[in-house]
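A short write-up of the structure that comes next.
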Amino acid sequence: MTLQALDTLAPNPSEQTVKAAPLWRSAAAELAQIYGDHPGFADCLEEMAKRIGRAHAKRPPELKALDAARSDTPNWYMKPGRPAYCTYIDRFAGTLKGTISHLDHLKALNVGIFHPLPLLKPRDGDSDGGFAVADYGDVDPRLGTMDDLRALASELRARDMSLVIDMVCNHTAREHPWAQKMLAADPDFADFYIVLDDRADVDAWEEALQDVFPGTAPGSFTYDEPAGGWVWTTFYPFQWDLNYANPRVFVEILDSLLYLANAGVEGFRLDSTAYLWKQKGTICRNLPQTHNILRALRCLVSLVAPSVFLLAEAIESQASVLPFFGTLQARECDLAYNNGVMTALWGAMADQKSDLLGSIIARAGEKPAHGQWLNYVRCHDDIIWLALADTVPMERLRAWSNFFAGQGSYARGLAFQAPEGFPASGCGMAASLCGGLDDPQAMARLKLLYGITYALEGIPLLYMGDEVGLENFETFRDDPALRDELRWLHRPEMDWAAADQARKTSSPRADIFGYLQQLSALLMKLEILPGLTVKPAAHDAVLTFERPMAKGGFVCEANLSEAVFDLPCAGHILTGDSRMLAPYGVRWSLRTS
1098 MTLQALDTLA PNPSEQTVKA APLWRSAAAE LAQIYGDHPG FADCLEEMAK RIGRAHAKRP
1158 PELKALDAAR SDTPNWYMKP GRPAYCTYID RFAGTLKGTI SHLDHLKALN VGIFHPLPLL
1218 KPRDGDSDGG FAVADYGDVD PRLGTMDDLR ALASELRARD MSLVIDMVCN HTAREHPWAQ
1278 KMLAADPDFA DFYIVLDDRA DVDAWEEALQ DVFPGTAPGS FTYDEPAGGW VWTTFYPFQW
1338 DLNYANPRVF VEILDSLLYL ANAGVEGFRL DSTAYLWKQK GTICRNLPQT HNILRALRCL
1398 VSLVAPSVFL LAEAIESQAS VLPFFGTLQA RECDLAYNNG VMTALWGAMA DQKSDLLGSI
1458 IARAGEKPAH GQWLNYVRCH DDIIWLALAD TVPMERLRAW SNFFAGQGSY ARGLAFQAPE
1518 GFPASGCGMA ASLCGGLDDP QAMARLKLLY GITYALEGIP LLYMGDEVGL ENFETFRDDP
1578 ALRDELRWLH RPEMDWAAAD QARKTSSPRA DIFGYLQQLS ALLMKLEILP GLTVKPAAHD
1638 AVLTFERPMA KGGFVCEANL SEAVFDLPCA GHILTGDSRM LAPYGVRWSL RTS
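One rule links them: number in the numbering used here = place in the sequence shown (from 1) + 1097.
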């Protein structure tokens, strides 16, 4: 199966031509494995074919041209030295229109992918930062309109940047029209969500489940009298899990993806991918049926928008994340968050040891060749230490949790929450977790984190504010709408005065901004090949890895400690000192023989 196998589709395909496509047959086979016995499955296949045909016919000519231009480079998003950039639109620039006026800031950082966090229409009030979607076909009115979204996508393309948005595919807001139709007893939506009418049945399911937010939303079910029982709510009570055992749910989610792809979205972050399928007696994460769903989505999206990529948001163990890439013959997501390496990176800095980090980076290399990692330092979410529970001893995870909660350390973070018996996850902006701007070593630590992240195989991700060393958003507690959600600590508003300072003056903010520009410029000049090898450590605190080039290799050496190491380098130095590694120092070099 190839993602460009569209030759069987006519310019305005009929239902019959859609069904003749190899990708259609692959998707139908995947769906038959989970829906084959469902009485409505045949009708759903018919409906899917119609909607795919319509979406293909409506795809704008400029996007079809983009698909064609990228047909020979399916991993076109792998642009050396071009990071992704993640932010909330309202925190970055207020509105979608306002964002356009700040695209030069992204261009200065050589950004290739722009990922605004949830911007589709949310429920009123608390919406879990926009992850409680009330309408997949509209934009949050506070941010703008769908036309504004199309305009932003167009402006990004004009600058060789690509728009990626969140598709919250596990759940909707209670206020979503599908949920409202279910509450109104519309028979077409009676089975869109999971509602149990027996408390004993709820308890039986709960025995195997693991709370996501045990402190603020314990349990996985919420009693809702109008719904007639306990609604499955993995995250918050106002977020109702979709029932993917009903094939009509799959049809509607696919239709939403195609609509947004035709609006100019070039990639989708599939939120909470691990949770899609439910099966009693299991933890209801990473189940085989979830992978059937994702393989089918990958095929069917490609029938309309073959150049659009899918990013798996599966914050799980490395062993559980790797299957989300699928195989070359049966692909799933094109990219996945390198959560294991991110978490181990912070832990290594706490321990001032490279052992676990090196082994986890090496294991990340077990991904299939067609899949790529999105490598990151921080994001809008908490650092979930338990994602490494299958690799790192629990006492070490607890020590990391305590360290970045500021217990006897330089870190200025806070402990969030975690299931009983596991270490609390961590909150805080990267600069604050590194000690804050008044700590003389903070910028060195922040540069260390990004120096390693940019050097890894895959795409580096910049979280808004890290490029200028923004610190914790402490005043979130003053806002009644935010104060009960600790993760707002690391969701500040962009400080454009600080950004201006970073571009024009000598300061700690300018130091990190210029460093990121330097790393990007270096990578854009190098022709590094796929692959990565972790090298034996010269010292316990030093991480060394090499990536292949046509001749020699690209080498990254990083000092995770406060010590100074006499470590001469015989290669061609790109950045860093040729004779030693300073505290938290990073050295990039080229091995020429």
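From the three backbone atoms N, C-alpha and C, an ideal C-beta is built for every residue, glycine too.
- The straight-line gap separating the alpha-carbon atoms of Glu1517 and Gly1437 is approximately 21 angstroms.
- Annotation: the continuous alpha helix (DSSP H) that includes Gln1277 extends over 1274-1280.
- Take the alpha-carbon of Ile1390 and the one of Asn1656: they are about 43 angstroms apart.
- Each residue's CA atom was taken as its position, placing Ser1456 and Ile1149 some 44 angstroms apart.
- Each of Leu1619, Val1683, Gln1336 was checked against the Cα of Leu1640, and the nearest Cα belongs to Val1683.
- Tyr1681 is the residue among Asp1576, Tyr1681, Leu1425 whose C-alpha sits nearest the C-alpha of Ile1549.
- Cα atoms of Phe1228 and Asp1338: separation of roughly 12 angstroms, rounded to the nearest angstrom.
- Within the same chain, Cβ atoms closer than 7 angstroms to the Cβ of Asp1225 are found at Phe1332, Tyr1333, Gln1336, the five residues on either side in sequence being excluded.
- For the 9 angstroms CB-CB criterion, Lys1601 and Ala1607 form a contact.
- In this structure, DSSP gives Gln1614 a helical state, which the three-state scheme calls helix.
- Annotation for Met1540: the continuous alpha helix (DSSP H) segment containing it runs 1539-1552.
- Ala1231 sits in a strand when the DSSP states are folded into three classes.
- Across the set Gly1649, Lys1544, Leu1553, Leu1400, the C-alpha of Leu1553 shows the shortest separation from the C-alpha of Phe1642.
- Out of Pro1323, Gln1615, Leu1583, the CA that lies nearest to the CA of Glu1571 is found in Leu1583.
- Here DSSP, grouped into helix, strand and coil, assigns Ser1399 to helix.
- Taking a contact to require three or more Cβ pairs closer than 8 angstroms, the segment 1286-1297 and the segment 1394-1414 do not qualify as touching.
- When secondary structure is reduced to three states using DSSP, Asp1452 falls in the helix class.
- The beta carbon of Ala1441 sits closer than 6 angstroms to the beta carbons of Leu1453, Leu1454, Ile1457 from its chain, once the five residues preceding and following it are set aside; these are given in chain order.
- A direct Cα-Cα distance of roughly 6 angstroms separates Leu1664 from Leu1678.
- Nearest C-alpha to Arg1574 among His1135, Gly1325, His1587, Asp1563: His1587.
- For the options Cys1524, Trp1685, Gln1514, the alpha carbon positioned closest to that of Phe1310 is the one of Gln1514.
- Asp1479 counts as buried, since no fewer than 16 other beta carbons sit within 10 angstroms of its beta carbon.
- It is roughly 18 angstroms from the alpha-carbon of Val1208 to the alpha-carbon of Arg1188.
- By the Cβ criterion, the segment 1249-1268 is in contact with the segment 1355-1362, since at least three pairs of Cβ atoms, one from each stretch, lie closer than 8 angstroms.
- Counting only residues of its own chain and dropping the five nearest sequence neighbours on each side, His1636 has a CB closer than 7 angstroms to the CB of Phe1662.
- Non-local beta-carbon contacts of Thr1630 in its own chain, meaning distances under 7 angstroms to residues more than five positions away in sequence, involve Phe1642, Glu1643 in chain order.
- The three-state reading of DSSP puts Ala1655 in strand, counting E and B together.
- Assignment of Cys1430 by DSSP, reduced to helix, strand and coil, places it in the coil class.
- Spatial neighbours of Gln1130 in its own chain (CB-CB distance under 7 angstroms, excluding positions within 5 residues in sequence) are listed in chain order as Asn1389.
- The Cβ-Cβ distance between Ala1118 and Leu1407 does not fall below 9 angstroms.
- The three-state reading of DSSP puts Lys1375 in coil, since its state is none of H, G, I, E or B.
- Out of Gly1555, Gly1628, Tyr1547, Thr1672, the CA that lies nearest to the CA of Phe1610 is found in Tyr1547.
- In terms of Cβ geometry, Asp1235 and Lys1218 form a close pair [threshold 9 angstroms].
- Residue nearest to Leu1351 within the set Tyr1434, Lys1377, Lys1147 is Lys1147 (criterion: CA-CA distance).
- The segment 1612-1619 and the segment 1424-1431 do not touch, with fewer than three beta-carbon pairs separated by less than 8 angstroms.
- With contact defined as three or more Cβ pairs closer than 8 angstroms, the segment 1528-1537 and the segment 1497-1513 are in contact.
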